[in-house]
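For what it's worth, our numbering labels the leading residue of the sequence shown as -6, then goes sequentially.
Cβ atoms here follow ideal geometry from the backbone N, Cα and C, with glycine treated the same way.
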Amino acid sequence: MCPVIMATTVVTRIQSGLIFLQPAAGLQNRAISLKKAERMGLEDARAGDKVTVTVDESNVLLDIHKTGVEPAGHSLLTGTLSYADPFWEVVELSTPDGTKSFAVDSMAGSKLSVLKEGSPVRLELDEDNMVIDIHPNH
-6 MCPVIMATTV
4 VTRIQSGLIF
14 LQPAAGLQNR
24 AISLKKAERM
34 GLEDARAGDK
44 VTVTVDESNV
54 LLDIHKTGVE
64 PAGHSLLTGT
74 LSYADPFWEV
84 VELSTPDGTK
94 SFAVDSMAGS
104 KLSVLKEGSP
114 VRLELDEDNM
124 VIDIHPNH
């Protein structure tokens, strides 16, 4: 698995459908859409809540949940990239169990530009089986 940073921070405010986080060591300033935060498992966020965020080596958000609450869990899946939608919204992965399609988070989609169909890859899926990270599998 690629290096990740986990940090605890605080929700400073929620405004216009965005959750704003206090800057924390190792993290860039960020705002997260309520929809994305809820999809990742952060329910009923309020200003002042302590949250744990996980970002990848490119500072892309992989997970956010209230501190002290166990995340629902991510899964890793390896196989051959059999199809990548030109708009980076869907990928198909061939595995010994067959071919499976997955929606791709917009932040992870940019990583598809360096991967070719037929390449061995490793996907990280969130709780909703959405691709949140993708890397070549050497």
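- Restricting attention to Val107, Glu110, Asn52, Arg39, the CA atom closest to the CA of Ile(-2) is found in Asn52.
- Rounded to the nearest whole angstrom, the CA to CA distance from Ser75 to His67 is 22 Å.
- In the structure shown, Ser87 adopts extended strand secondary structure according to DSSP, grouped into three states.
- The Cβ atoms of Glu120 and Asp126 lie no closer than 8 Å to each other.
- Here DSSP, grouped into helix, strand and coil, assigns Lys109 to coil.
- Between Ile57 and Leu86, the gap from beta carbon to beta carbon reaches 8 Å or more.
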